[in-house]
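Participant: One structure coming up, written as structure tokens, with questions to follow.
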Amino acid sequence: MALLSPAGGLVYHLRALRHQQRIWLPFRRAVAGWLREALPIGEELVLVGPSAGHCLPLEHLARFERLLLLEPDGLARVLIRRRLGARRVVHRRDDLLVSPLLRGAPGLDDLLRDRPRAAVLFCNLLGQLQFGLSNDQHDSWREAFQRRILPALSGRRWASFHDRWSLEGPSGERPPAVELQFTQAPSDQELGAALFGAAGPPLQVLDHGTAGLFPELGPHRYFTWQLTPQVLHVVEAVNG
Ligand SMILES: C[S@@+](CC[C@H](N)C(=O)[O-])C[C@H]1O[C@@H](n2cnc3c(N)ncnc32)[C@H](O)[C@@H]1O
């Protein structure tokens with residue numbers, strides 16, 4: 009992830025500094041409430057892309073006996089280590105999620121095979137990956153993720169929250185913070201109507217390429233995240 013990428017790096021940390029205790033609060037509370045249910049405390053937790061934990065309930069996650077953090081951003085690693093306390097926290101900076109899946113090399117699935125009791129949390133990065141890949145690469149990555157990573161999740165606790173859509177425009181025109189729950193994955197129309205109402209003019213959203221990445225059966229939650237006063241993200245949360 010580039011140093012100045014809005015999804016990680018310096019721009020993201022500066023945004024967090026500005027908005028974390030204000031417009032990000034409803035989203036952070038929603039994520040914390042969901043994770044308390046989705047990830048009960050256990051022996052080990054693998055966090056994929058935690059950044060500095062700006063949106064994560066670190067006090068809850070720190071109660072795992074061991075944490076393994078997969079995070080390429082050096083500044084994020086320093087900040088989150090400080091917040092968590094250095095003990096029981098191991099970091100890896102190498103990419104186990106994208107390049108190994110595209111190249112057919114050992115990746116996250118191999119790491120998980122060696123840790124059968126570890127829980128896994130994908131920390132709001134799966135909806136950012138398409139921006140660094142061509143369409144063909146992203147299709148190949150999705151196929152490899154479903155073929156290699158999903159089976160490695162079965163039999164363990166796992167959770168992912170990831171961007172489903174984002175949209176721009178003044179926040180005054182949108183509903184305030186929203187939390188929705190469906191018993192299975194909603195269609196785009198169902199989700200749009202539940203979030204923004206069935207009436208009204210059509211909305212233009214940026215699709216983050218995560219629909220259908222995880223199995224469609226089972227509870228799907230959606231949280232709105234007012235990333236900046238101008239930009240709203242619709243974040244999907246799934247677990248198993
Ligand atoms: C949107 S941020 C996550 C935000 C985080 N959940 C929080 O609480 O602030 C996405 C993170 O994914 C990380 N990332 C990007 N590619 C990655 C990869 N291949 N493996 C692990 N992390 C990665 C980025 O460095 C960035 O910190």
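In terms of this note's numbering, the sequence shown opens at residue 9 and continues consecutively. From the three backbone atoms N, C-alpha and C, an ideal C-beta is built for every residue, glycine too. The structure presented is a predicted model; accordingly, all values stated were derived computationally and were not measured.
Taking C-alpha atoms, which residue in Leu211, Pro223, Pro210 and Leu203 lies nearest to Val243?
Facilitator: With distances taken between Cα atoms, Val243 lies closest to Leu203.
Participant: For His62, does the three-state DSSP call read helix, strand or coil?
Facilitator: Coil at His62, not helix or strand.
Participant: I need the boundaries of the beta strand (DSSP E) containing Glu52, first residue and last residue.
Facilitator: Counting along the chain, the beta strand (DSSP E) containing Glu52 begins and ends at Glu52 to Val56.
Participant: Sorry if obvious, but does the Cβ on Tyr20 come closer than 7 Å to a heavy atom of ligand 1?
Facilitator: Correct: Tyr20 has its Cβ closer than 7 Å to ligand 1.
Participant: Give the secondary structure of Glu224 by DSSP, where H, G and I count as helix, E and B as strand, and everything else as coil.
Facilitator: In this structure, Glu224 counts as coil in the three-state DSSP scheme.
Participant: My output table needs one value for Trp173: the three-state DSSP class, helix, strand or coil.
Facilitator: Strand.
Participant: Is the closest heavy atom of ligand 1 to the C-beta of Pro275 under 7 Å?
Facilitator: One cannot answer for residue 275 here, as it falls past the ends of the chain, which runs 9 to 248.
Participant: Could you name the residues that DSSP lists as bridge partners for Ala193?
Facilitator: According to DSSP, which records beta bridges pairwise, Ala193 is partnered with nothing at all.
Participant: How many Å lie between Leu12 and Pro34 at the Cα?
Facilitator: Residue confidence for Leu12 is low, a pLDDT of 43 falling below 50, so the modelled location carries little weight and cannot support an answer.
Participant: Do Leu134 and Thr232 have their C-beta atoms closer together than 8 Å?
Facilitator: No, Cβ-Cβ distance for Leu134 and Thr232 is not below 8 Å.
Participant: According to DSSP, simplified to helix, strand and coil, what is Val128?
Facilitator: Of the three classes helix, strand and coil, the one that applies to Val128 here is strand, per DSSP.
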